[in-house]
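Note that the protein sequences, when read in sequence, are chains D and G. If you count the first sequence from 1, you need to add 340 to reach this note's numbering. If you count the second sequence from 1, you need to add 31 to reach this note's numbering. Just so you know, even glycine gets a beta-carbon here, dropped at the ideal spot from N, CA and C. This one's a predicted model, so the numbers in the text were calculated from it and none came from an experiment. One structure is given below, encoded as structure tokens.
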Amino acid sequence: MAAVQETVDRVRRIDVDQYRYGFETLIESDKAPKGLSEDTVRFISAKKSEPAWMLEWRLEAYRRWLTMTEPTWARVNYPKIDYQDLYYYSAPKPKKQVASLDEIDPEILKTYEKLGIPLREVEVLEGVVRPEGERRIAVDAVFDSVSVATTFQKELKQAGVIFMPISEAIREHPELVKKYLGTVVPTSDNYFATLNSAVFSDGSFVYVPPGVRCPMELSTYFRINERNTGQFERTLIIADKGAYVSYLEGCTAPQRDENQLHAAVVELVTLDDAEIKYSTVQNWYPGNSEGIGGIYNFVTKRGDCRGNNSKISWTQVETGSAITWKYPSCILRGDNSRGEFYSIAISNGHQQVDSGTKMIHLGKNTTSRIISKGIAAGVSQNTYRGLVTAHRKATGARNFTACDSLLIGDKCGAHTVPYVEAKNSSALFEHEATTSKISEDVLFYCVQRGLSQEEAVGLVVNGFVKDVLQQLPMEFAVEAQKLISISLEGSVG
Amino acid sequence: MTALLEVKDLKVRVEDNEILHGLSLTVNPGEIHAIMGPNGSGKSTLSHVIAGKPGYEVTGGEILFRGEDLLEMSPDERAAKGVFLAFQYPVEIPGVATMNFLRTALNAQRKARGESEFSTPDFLKKVREVAARLNIPQEMLRRGVNVGFSGGEKKRNEILQMALFEPAVCILDEMDSGLDIDALRVAADGVNALRSPERAMVVITHYQRLLNYIVPDFVHVMSKGRVVKSGGKELALELEASGYAQFEDAA
Numbered sequence: 341m342a343a344v345q346e347t348v349d350r351v352r353r354i355d356v357d358q359y360r361y362g363f364e365t366l367i368e369s370d371k372a373p374k375g376l377s378e379d380t381v382r383f384i385s386a387k388k389s390e391p392a393w394m395l396e397w398r399l400e401a402y403r404r405w406l407t408m409t410e411p412t413w414a415r416v417n418y419p420k421i422d423y424q425d426l427y428y429y430s431a432p433k434p435k436k437q438v439a440s441l442d443e444i445d446p447e448i449l450k451t452y453e454k455l456g457i458p459l460r461e462v463e464v465l466e467g468v469v470r471p472e473g474e475r476r477i478a479v480d481a482v483f484d485s486v487s488v489a490t491t492f493q494k495e496l497k498q499a500g501v502i503f504m505p506i507s508e509a510i511r512e513h514p515e516l517v518k519k520y521l522g523t524v525v526p527t528s529d530n531y532f533a534t535l536n537s538a539v540f541s542d543g544s545f546v547y548v549p550p551g552v553r554c555p556m557e558l559s560t561y562f563r564i565n566e567r568n569t570g571q572f573e574r575t576l577i578i579a580d581k582g583a584y585v586s587y588l589e590g591c592t593a594p595q596r597d598e599n600q601l602h603a604a605v606v607e608l609v610t611l612d613d614a615e616i617k618y619s620t621v622q623n624w625y626p627g628n629s630e631g632i633g634g635i636y637n638f639v640t641k642r643g644d645c646r647g648n649n650s651k652i653s654w655t656q657v658e659t660g661s662a663i664t665w666k667y668p669s670c671i672l673r674g675d676n677s678r679g680e681f682y683s684i685a686i687s688n689g690h691q692q693v694d695s696g697t698k699m700i701h702l703g704k705n706t707t708s709r710i711i712s713k714g715i716a717a718g719v720s721q722n723t724y725r726g727l728v729t730a731h732r733k734a735t736g737a738r739n740f741t742a743c744d745s746l747l748i749g750d751k752c753g754a755h756t757v758p759y760v761e762a763k764n765s766s767a768l769f770e771h772e773a774t775t776s777k778i779s780e781d782v783l784f785y786c787v788q789r790g791l792s793q794e795e796a797v798g799l800v801v802n803g804f805v806k807d808v809l810q811q812l813p814m815e816f817a818v819e820a821q822k823l824i825s826i827s828l829e830g831s832v833g
Numbered sequence: 032m033t034a035l036l037e038v039k040d041l042k043v044r045v046e047d048n049e050i051l052h053g054l055s056l057t058v059n060p061g062e063i064h065a066i067m068g069p070n071g072s073g074k075s076t077l078s079h080v081i082a083g084k085p086g087y088e089v090t091g092g093e094i095l096f097r098g099e100d101l102l103e104m105s106p107d108e109r110a111a112k113g114v115f116l117a118f119q120y121p122v123e124i125p126g127v128a129t130m131n132f133l134r135t136a137l138n139a140q141r142k143a144r145g146e147s148e149f150s151t152p153d154f155l156k157k158v159r160e161v162a163a164r165l166n167i168p169q170e171m172l173r174r175g176v177n178v179g180f181s182g183g184e185k186k187r188n189e190i191l192q193m194a195l196f197e198p199a200v201c202i203l204d205e206m207d208s209g210l211d212i213d214a215l216r217v218a219a220d221g222v223n224a225l226r227s228p229e230r231a232m233v234v235i236t237h238y239q240r241l242l243n244y245i246v247p248d249f250v251h252v253m254s255k256g257r258v259v260k261s262g263g264k265e266l267a268l269e270l271e272a273s274g275y276a277q278f279e280d281a282a
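The structure is reproduced here in structure tokens:
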């Protein structure tokens, strides 16, 4: 049997059934009644003790959503979602009022421990097992619909950085939330974003004041635990003039037979000379090897380079979800602003990925760069869909796009759908695309040098995605590298 | 004495064509064997089957390595046991730094043999030493494996790995193809430096030229999937003068 065939067979056997985060935490939860109505929206808003303006904002979104239809243009197939058969709010039932981390339900803390997310900053601070030079990361942990813990609050406060659950920010910093919420992804933007606007329950809020370089990486960790529950988180990050922040997002969910909906919205705003670096390692449950279960990941992520000389950089490693529908984009409004999109999308088993980016050049001398690496194995379908556009006034707009696809086996598909529009004659757009199969000769070369078949595939794939891995913060890059090997080989390391 | 490598009456087919029709070859430690023959005589097939490349079906005979059945082992097991194939066309692996590749491979082999992995400083020291001997600049080791390497650089990279892994049997598949005379001399010097009483080499080539630099103990002429004549190094010179045609009929 040919080497590639062996690899393909092995990948087919193990793949997604080896999902490591598929455990469930047994915990009592507080849920909204099943189904979606104005009452559900009011229930969520009341749970969060929101001001009246926020409820109004949600209701408006809900009413608009009723008039919209689900988009069908993506290259993904799934049975119709019954939106009345979902829970829209689920919170772990607090045993008592939580004042510090010690009072959080130990079951939840255990869950995050299992996931390898350090919530106990004491341990981190006192350096129990802390390799030298390791950077500290402030974590906001979101469990189903609510944020359960945010670490390093004090230290961030000293720097003037606001990092808190968005539900708290709505109460404590209404002026900032009002000013920015929905200005990048309006409530009317698209079906899933509108749904999110109506029912979002939590997520992270970050504000970095002028001239401040955020002293540590910020991170949010999303976990869906409850059955039949959608997760609709909302993240809003603002880097004021000359500010800088690096933000990381991670996600997992238990292994279940039914499909679960995840419809998040992320909005980023950079003012003059500011920079946001947003990194995601998405590892939602992808379903089993038969294609049963898994998360539907319908996410709207967009950044607005509102100020001159500002920069937004998206880096994503997508390995999970049954369906991924996600296009982290940049609106390059400020002159000389810059947008970047670095993506690794891996699909295996029955996964379907339709992901890419939009770079919308509005300001003068704006530049963007897109590096997309798609890897398809099993019977998965992997699509890159991208839009690069220069508007009339975007003199000197420049874009460079490189889309590379790697196929493992002969039952998967890779597709590239680039849209390019230049309405300004001075725009300079470059597009490169390649599709290749993992070659038998390369694998044989590696095994002749002593690598096992699995190690060889891992090595070749990691080489393929190297340009993107380099964009991730160090800790994340190591994590991502492991994750890539696992999702393709099952060599649980 | 057990031979290092013993090929006995080997029959190999690819799809419906039998390529090797009962080939035998015995290689003892310290020996250098040259295998010569025209295109299509089965030279490369032999090297691939010894190394365990997929796609070949062994229909008869056996290959013993130190008395063990080599055909039962996976290609990576064979590598760990000390079988090394220097490829005629070494592949490129973009994004994987040569240095990283060398370390991953070396440690995989050591692990398979139950030896401890090299520490980073020890490994670096070893690579630098070997690279310097082969005239391989450090910059080349930072580049992707064989990416943008010239023909000569690719071959030197093969010899670098050979020197690093210290295999028991080295099979050199058409090492001279695509090399000019200077590059050939550098590569041959690298190979000669690895000659030792414990190590054997099988040098596969079309031309006698290579054998001026790597002087063999035995020369075998292959034609149509068999060894048709064996002799000392003078056989190579004889071939150079009279060509392969005389053997075509013998086969």
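The shortest CA-to-CA distance from G:Ile167 to any of G:Thr135, G:Leu41, G:Phe149, G:Val217 is the one to G:Val217. At a cut-off of 9 Å between beta-carbon atoms, D:Gly790 makes contact with chain G. When CB distances to chain G are screened at a threshold of 8 Å, the residues of the region 774 to 800 of chain D falling below it are Ser779, Glu780, Asp781, Val782, Phe784, Tyr785, Cys786, Val787, Gln788, Arg789, Gly790, Leu791, Ser792, Gln793, Glu795, Leu799, Val800, in chain order.
Look at G:Gln119: its C-beta is not under 9 Å from any C-beta on chain D. Counting along the chain, the unbroken beta strand (DSSP E) around D:Tyr547 starts and ends at 544 to 548. Within chain D, the C-beta atoms nearer than 7 Å to that of G:Ala82 come from Gln788, in chain order. Closest in alpha carbon position to D:Glu508, among D:Gly718, D:Lys374, D:Asn649, D:Asp480, is D:Asp480. At a C-beta separation below 8 Å, G:Val122 has these neighbours in chain D: Ser779, Asp781, Val782, Tyr785. D:Gln691 sits in coil when the DSSP states are folded into three classes, being neither helix nor strand.
Contact with chain D is found for G:Phe132, since one of that chain's Cβ atoms lies less than 9 Å from the residue's Cβ. Restricting attention to D:Ala734, D:His602, D:Val693, the CA atom closest to the CA of D:Met699 is found in D:Ala734. Here DSSP, grouped into helix, strand and coil, assigns G:Leu225 to coil. Counting only Cβ-Cβ distances below 7 Å, D:Lys806 has contacts in chain G at Gly126, in chain order. In the three-state reduction of the DSSP assignment, G:Ser273 falls in the helix class, which pools H, G and I.
At a Cβ-Cβ threshold of 9 Å, D:Ile715 and D:Phe769 do not count as neighbours. In the assembly as shown, D:Gln424 is an exposed residue. Its beta-carbon has fewer than 16 other beta-carbons within 10 Å. Under the DSSP assignment, G:Ala65 falls in the beta strand (DSSP E) whose first and last residues are 63 to 67.
The C-alpha of G:Gly209 is placed about 60 Å away from the C-alpha of D:Arg574. Setting aside the 5 residues that flank it on each side, D:Asn530 is surrounded in the same chain by Pro411, Thr640, each with a C-beta closer than 7 Å to its C-beta; the list follows chain order.
If you look at D:Thr723, you'll find it in the beta strand (DSSP E) that goes 721 to 730.
Only residues of its own chain outside the window of five on either side were considered, and among them Ile50, Leu51, His52, Gly73 have a CB closer than 6 Å to the CB of G:Gly256, listed in chain order.
Note: D:Ile578 is bridge-paired with D:Tyr547, D:Val609 in the DSSP secondary-structure output. In summary, D:Tyr587 is buried, with 16 or more beta-carbon neighbours lying within 10 Å of its beta-carbon over all protein chains present. Within the same chain, Cβ atoms closer than 6 Å to the Cβ of D:Thr707 are found at Arg678, Arg738, the five residues on either side in sequence being excluded. In this structure, the CA atom of D:Leu672 is about 31 Å from the CA atom of D:Gln498. Inclusion of D:Val416 and D:Ile663 in the CB contact set at 9 Å is warranted, their separation being smaller than that value. Sequence-distant Cβ neighbours of D:His701 in its own chain, meaning closer than 6 Å and more than five residues away, are Leu672, Ala730, Ala734, Ala737. Across the set D:Ser827, D:Thr610, D:Val546, D:Arg725, the C-alpha of D:Val546 shows the shortest separation from the C-alpha of D:Gln493.
If you compare the alpha carbons of D:Ala603, D:Gly798, D:Asp370, D:Ile506 with that of D:Ile778, the shortest gap goes to D:Gly798.
Just measuring C-alpha positions, the residue of D:Glu780, D:Lys388, D:Glu795 sitting nearest D:Arg511 is D:Lys388. Put simply, the CB of G:Arg109 is near chain D, with a gap under 9 Å to one of its CB atoms. G:Thr90 sits away from D:Glu795, with the two beta carbons spaced by 9 Å or more. Per DSSP, the unbroken beta strand (DSSP E) holding D:Lys641 starts and ends at 634 to 645.
D:Ala533 sits away from D:Val539, with the two beta carbons spaced by 9 Å or more. Per DSSP, the beta bridge partners of G:Asn48 are G:Val45. Across the structure, D:Lys704 and D:Asp675 are spaced so that their CA atoms are roughly 5 Å apart.
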